[in-house]
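Below is one structure, written out as structure tokens; comments come after it.
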Amino acid sequence: MFRSAHDNSKYVPAFSIIEAVVGMAITAIIMGILFVIFSIVSGRMLDFKNQNQLVNDLNRLTYSLNKDIFEKEKMTVYETEIAFNGYAGERVLYQFSDDYILRNSETFIDTFRIKLNRMIMDTVKSKSEQFVFQKIKLNIESNEKEMDLRFYKRVYPNELLQTIKK
Numbered sequence: 001m002f003r004s005a006h007d008n009s010k011y012v013p014a015f016s017i018i019e020a021v022v023g024m025a026i027t028a029i030i031m032g033i034l035f036v037i038f039s040i041v042s043g044r045m046l047d048f049k050n051q052n053q054l055v056n057d058l059n060r061l062t063y064s065l066n067k068d069i070f071e072k073e074k075m076t077v078y079e080t081e082i083a084f085n086g087y088a089g090e091r092v093l094y095q096f097s098d099d100y101i102l103r104n105s106e107t108f109i110d111t112f113r114i115k116l117n118r119m120i121m122d123t124v125k126s127k128s129e130q131f132v133f134q135k136i137k138l139n140i141e142s143n144e145k146e147m148d149l150r151f152y153k154r155v156y157p158n159e160l161l162q163t164i165k166k
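Once you know that position 148 of the sequence shown is 148 in the UniProt record's numbering, the rest is easy, because the numbers rise by one and skip nothing.
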């Protein structure tokens, strides 16, 4: 009886070297494309985070200033600072430096990465001339754009009388 060589040997399924090289080349191309896509998405997410941080700082600054204006009794404006004195003696101080604004209260210190170009303090009256306001105009630079923020603190008649007496 004649037996063929195929009958006695066991075949193990495997890839040839050419198939393995082609598979590794395709895998390398796919990994390279994924790396480039990941790098682009990471860069965009970092840009978005930085942009969001600027908007967040601006929103927090305007909220904090408005809150202090309406909740505190007295506002005093200095060359590079704004001080708020509360009814119970508490004090909040805004300090302006070249690249950031610092809000310092008795319990919390907050930093806003906003550049202040100019601060102008003025006293204005309402159209009916019935009310007097302290007006603060902050010219800031945020996201490489210049903008003006205006805040108004009402001055009550008793405060006007106190300043006249002094």
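Even glycine gets a Cβ: it sits at the ideal position worked out from N, Cα and C.
Closest Cα partner of residue i within the set the options
i, options, result
"Lys137", "Lys10, Thr123 and Asn104", "Thr123"
"Phe131", "Glu71, Phe15, Pro157 and Leu149", "Pro157"
"Lys87", "Asp148, Asn56 and Ile69", "Looking at the sequence provided, one finds Tyr at residue 87 rather than Lys. With distances taken between Cα atoms, Tyr87 lies closest to Ile69."
"Asn139", "Phe35, Met45, Ser42 and Leu58", "Leu58"
"Ile114", "Ser142, Ile40 and Gln134", "Ser142"
For residue i, three-class secondary structure by DSSP
i, result
"Ile114", "coil"
"Leu149", "strand"
"Phe35", "helix"
"Val12", "coil"
Residues that residue i bridges to, as DSSP identifies them
i, result
"Tyr94", "Ile82 and Arg103"
"Ser142", "Lys145"
"Met121", "Ile136"
"Val155", "Val132"
Uninterrupted beta strand (DSSP E) stretches inside the region 39-85 (no shorter than 3 residues):
74-77 and 81-85
- Do the region 89-97 and the region 41-55 make contact, defined as three or more Cβ pairs closer than 8 angstroms? no
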